[in-house]
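Data block below; observations after.
Protein chains in written order, with the numbering used here: chain A, 51 to 166; chain B, 343 to 456.
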């Protein structure tokens with residue numbers, strides 16, 4: 051098992067609430083990612099980071115935001131949750147290997163978010 | 343799917359049988375990776391095969407890659423009930439830059455009956 055942790059595992063909240071999904075890794079990885087996955091569906095990249103103070107939007111448009119103040123921490127925030135945000139959110143990390151992009155991803159166990 | 347499509351979508355076999363899953367993709371790649379996802383959990387990396395490799399083994403796993411057909415297959419031999427999971431292929435586009443932005447397929451749900 052990889053040392054990457056996500057909290058909470060499950061979250062049920064009402065519309066309009068602000069939420070932060072936590073992700074931490076203890077492997078010293080430079081690269082971190084957030085994926086969104088609906089049940090039985092493929093993963094879509096919504097945010098990624100190459101290191102501290104570096105964040106980029108992914109391929110799937112998302113109303114969420116991320117920050118990377120510390121190497122080990124990559125939280126995702128929704129300012130005002132809506133039912134359309136209901137999904138599973140997976141955090142991942144990988145090593146930086148120069149210009150190589152062969153590094154496998156290490157995933158957390160995910161946060162299943164339900165917005166009522 | 344943006345890049346990877348997997349076939350079949352679902353597969354049910356008996357313990358001890360072999361399971362084969364296929365992945366097709368659209369653009370040139372640097373490498374292709376296979377992951378397993380148990381229900382309600384994150385993905386676990388299984389094996390990576392580079393574009394200049396044709397076959398790779400890891401324990402009971404055998405992966406092949408045919409870049410001319412833009413396809414890969416994952417074979418699990420002598421399957422066990424514990425192999426029950428979803429299996430995803432993920433491609434690293436050749437011209438994607440050093441972003442490691444893997445593109446995941448739609449997954450194959452494997453059920454191994456005891």
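All residues carry an ideal CB built from backbone N, CA and C; glycine is no exception.
Please read these numbers as outputs of a predicted model, since none were measured by experiment.
Asked, Found
"Cβ-based contacts, 9 Å cut-off: residues of the stretch 79-109 of chain A near chain B", "81, 83, 85, 87, 90, 91, 92, 93, 94, 95, 98, 100, 106, 108 and 109"
"Chain A contact for residue 433 (chain B) (CB, 8 Å cutoff)", "no"
"Among A:53, A:54, A:63 and A:59, the one whose alpha carbon lies nearest that of residue 131 (chain A)", "A:63"
"Bridge partner(s) assigned by DSSP for residue 81 (chain A)", "A:144"
"Straight-line gap, residue 437 (chain B) to residue 109 (chain A) (C-alpha atoms, nearest Å)", "15 Å"
"Opening and closing residue of the beta strand (DSSP E) in which residue 386 (chain B) lies", "385-392"
"contact_flag[the stretch 90-106 of chain A, the stretch 356-369 of chain B] where n(CB pairs < 8 Å) is 3 or more", "no"
"is_contact[residue 154 (chain A), chain B] using C-beta, thresh 8 Å", "yes"
"C-beta atoms of residue 166 (chain A) and residue 61 (chain A) nearer than 8 Å", "no"
"Exposure of residue 169 (chain A), with buried meaning 16 or more beta-carbon neighbours within 10 Å", "As displayed, chain A neither begins before 51 nor continues past 166, which places residue 169 (chain A) out of reach and without an answer."
"Member of A:86, A:153 and A:116 whose CA lies at the smallest distance from the CA of residue 159 (chain A)", "A:86"
"Endpoints, the beta strand (DSSP E) within which residue 94 (chain A) is located", "93-101"
"Sequence-distant residues of the same chain with beta carbon closer than 6 Å to residue 149 (chain A), five excluded per side", "With a pLDDT of 48 at residue 149 (chain A), under the threshold of 50, the modelled position of this residue cannot be trusted, and the question is left open."
"Beta-carbon contacts of residue 103 (chain A) that lie in its chain and below 8 Å, excluding the five residues immediately before and after", "118 and 119"
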